[in-house]
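Read the structure below first, then the notes.
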Amino acid sequence: MAIDIPTFATTQISLLAAELEAEVAETSALVSLHSPSALQRAGVALTNLTVLSQRTGLGGKTVVELGPDPAFTSGGDLPEHGIRSGDIVLLAEQPAASGKKREVKELERKGIKGVVTRVGKQTLGVAVEAEEEDRKELPGGDRRVWIVKLADEVTWKRMNGTMEKMSKMAESEYSYFMRVLFGLTTPSPVPEDLSKDEEVGEGRIRWFDPSLNESQRDAIRFALKSQEIALIHGPPGTGKTHTLIELILQLLARNTNARILVCGPSNISVDNIVERLAPHKVPLIRLGHPARLLPSVLNHSLDVLTRTSEAGAIVRDVRAEMDAKQASIRKTRSGKERKAIYADLKELRKEYRQREKKCVSDLVAKSKVVLATLHGSGGYQLRDEQFDVVIIDEASQALEAQCWVPLLSAKKAVCAGDHLQLPPTIKSLHSSSSSSSSSSKPGSKASAAADKKASKSKKEVVAAATATTTPAAAIPKGATLETTLFDRLLSLHGPKIKRMLTTQYRMHELIMRFPSDELYESKLIAAPAVASRLLNQLPNVEDIDEMREPLIFIDTQGGDFPEKTEDDEDVDGKGVTKRSLYGDSKSNEGEAMLAREHVRCLVEDGGLRAEDIAVVSPYNAQLALLAPLKEQYPGIELGSVDGFQGREKEAVIVTLVRSNTEGEVGFLAEKRRLNVAMTRPKRSLTVIADSETVKKGGKFLKKWMEFLEENADLRYPDLASLTVAAAGGSWKA
């Protein structure tokens, strides 16, 4: 069914405003109601830092290198945290009493905003917004500083601006490509069987990678032949990125003048492509700051190219002068001298930006392939640039409004992803629960005051972010940001615009079987190299039972391992309640004990490296119970199911938590969440769950429990024996 573009755009504007409001409210409440030390334990802040160095980064921004203050931290490593490259953070001088709560407005007045450019084991980099630095002096010197994660308003403004532009377009401005993507016309037909293209004539394909399987080749032929849109459906482990690399090389081989824009929703998704494309010596450039300091990525980033390329010569001398000024700031004790240096830097920064703009324009113009995050593609660097093809990786994890930032001027698009895994997380769908992050009792004066402050703060930010938009209509019933471009196009045009990759290179055949049968029409095939591989085939491991089984089910049915909803008790003696940090999250101490014991068995009895193990759960409160594993087995990974999407490990332990007499399973009923959970392991999947409770959560869950009962190594734990094991003995099923 055709979609009216202005109506679509105004609906998106309304949905985006609601989402920003929810995100700002959540951040404001979290920061206002918790101390810096509590925020660090929640993973959204880092305290007791010191400024190690300052340098001039892209856009003339000062990049501040931060590390732990040795007076407060032993070992030199940063503590566990959830801050990632690309996050917007506030950098501020750390208050003397780090246990005291601070209002967001107070922090923003005293601190300075920036973007995390790099996260390492012992240091991280923050690029300070130039406008902020022009108004405020950088915190630091010999003083301790801290950073706290904030809502990312820049991304929302960029998406909002794109939707506003679409809402005002006249019908005569719609490109044929746009008309296809909104169902106003049909896609150009593509023959079902394209294998003959390889045999003769112009269409003959000479593969750069001869190891590609037939489903990958078919997807590439289809993407090359499609005139407007092609979807590449890549289930877990099927080599989606591998396929996209070959597609890019084929597009360039067919048209030496072709220009390709490659985007993804996150820095990591883009950097994965840069790493794999770089060895092919294609002229490419990576916009934005790479998420990892790998040479193959850095050498193609604007940050490095403006230093090393011929085009970069025009900015090098100004940059050197700015770096010298930055270094001198730390050496001076005089406030007057410091102010004079900042005034000089302000003038140099203006000159730097002008020169850099010319340099960037030259670099982008010479690149055949430009890579950026979706919202990063809306920066000044690509203004007025034209591309023949836009490729979007992980399109099923991106908001549709985000995709339109690069697509608005596209002629053709290839979107890759898996709509049967989790879509982007939408906080406004669950905003009613956002107040549960408060440590105050509902209805109390403290709670009401906190709500009032958070509400005022979020309204100010939302108003600023959407000040230029047209008034948005009420959100139509059923409209949600969870509907991705990938979902909508499949619903609009059906499978004729899609090709699926069917050979997976990650999982043992038995681990793969259930998701393949229930979600992927039984089409997945395990590559021979992975179909029967087990933990006991890894070097230096013991051949014990746990290492021989690809699928283990520890069934806690019977009621001895009940779940718990986190309450307001002080769980760590530090004045921090689990509820205040994890909302109404669920936990299950019995399942946590079973998970810890299974890890102990794999590492201590089996000799498996802790780095090869992940323990995942849908519930953050459960991960809090499992946190001691990080100290006991350094290198082990703990993560939420949502956060572990796109990852893999040799052995994965999944604790589902839910165990109650009512048979309530909450968001476990979401097939896509469970699909992520069960498709992360390579050689071993261990599921810990109460089958009696989980079976009541719907048809899909019932089938999964029955599959595990019939096909897994089935174990029924005994609580008494487990308690002995936890006290220092060992537990066996």
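Residue numbering for the sequence shown follows the UniProt record's numbering, beginning at 1 and increasing consecutively. Every residue gets a Cβ at the ideal spot worked out from N, C-alpha and C, and that includes glycine.
- Taking all protein chains in view, the Cβ of glycine 57 is crowded by 16 or more other Cβ atoms within 10 Å, so the residue is classified as buried.
- For threonine 73, the three-state secondary structure derived from DSSP is coil.
- Between threonine 503 and asparagine 213, the beta carbon gap of about 4 Å places them in contact (Cβ cut-off 8 Å).
- DSSP places glutamate 80 in the coil class of the three-state scheme, outside both helix and strand.
- Taking the C-beta atoms as reference points, valine 615 is found no nearer than 7 Å to leucine 625.
- CA-to-CA, the gap between lysine 325 and isoleucine 341 works out to about 7 Å.
- In the structure shown, threonine 123 falls within a coil segment according to DSSP collapsed to helix, strand and coil.
- Where valine 274 is concerned, the enclosing alpha helix (DSSP H) starts and stops at 267-277.
- Using a 10 angstroms sphere on the CB of arginine 683, the tally of other CB atoms reaches 16 or more, which defines it as buried.
- By the CB criterion at 7 Å, lysine 113 and leucine 252 fall outside the cutoff.
- Around valine 115, the same chain offers Gly86, Asp87, Ile88, Val89, Val126, Ala127, Glu129, His289 as residues with beta carbons nearer than 8 Å, after the five sequence neighbours per side are excluded.
- Within the same chain, Cβ atoms closer than 7 Å to the Cβ of valine 44 are found at Leu30, Gly82, Val148, Lys149, the five residues on either side in sequence being excluded.
- Straight-line measurement puts the Cα of aspartate 418 at about 5 Å from the Cα of glycine 234.
- Assigned with DSSP and collapsed to three states, arginine 319 falls in helix.
- For tryptophan 146, the enclosing beta strand (DSSP E) stretches over residues 145-149.
- Its Cα nearest to that of aspartate 713, the residue Glu549 stands out among Val51, Glu549, Thr11.
- In this structure, the beta-carbon distance from leucine 371 to valine 274 falls below 7 Å.
- At the C-beta level, valine 694 and leucine 685 stay beyond 7 Å of one another.
- For glutamate 546, the enclosing alpha helix (DSSP H) has its first and last residue at 545-548.
- Looking at the DSSP output, valine 414 bridges to Ala230, Ile391.
- The beta carbons of leucine 722 and leucine 594 sit about 7 Å from each other, so the pair counts as a contact at 8 Å.
- In the three-state reduction of the DSSP assignment, methionine 705 falls in the helix class.
- Around the beta carbon of aspartate 690, 16 or more other beta carbons sit within 10 angstroms, so the residue counts as buried.
- Looking only at Ala219, Trp704, Phe182, Gly335, the smallest Cα-Cα distance to aspartate 193 is reached by Ala219.
- In the DSSP assignment, glycine 643 forms no beta bridge with any residue.
- Classified as exposed, phenylalanine 208 has fewer than 16 neighbouring CB atoms from the shown chains inside 10 Å of its CB.
- Judged by DSSP in its simplified three-state form, asparagine 48 adopts strand.
- Shown here, phenylalanine 700 sits in a helix according to DSSP, grouped into three states.
- In this structure aspartate 393 is buried. Its beta-carbon is surrounded by 16 or more other beta-carbon atoms within 10 angstroms.
- In this structure, Arg316 is the residue among Val389, Arg316, Leu538 with its C-alpha nearest to the C-alpha of glutamine 354.
- In the assembly as shown, proline 406 is a buried residue. Its beta-carbon has 16 or more other beta-carbons within 10 Å.
- Closest by C-alpha distance to leucine 124, out of Val304, Ala170, Glu65, is Glu65.
- Inter-residue distance for alanine 230 and glutamate 351 is about 44 Å (C-alpha atoms, whole angstroms).
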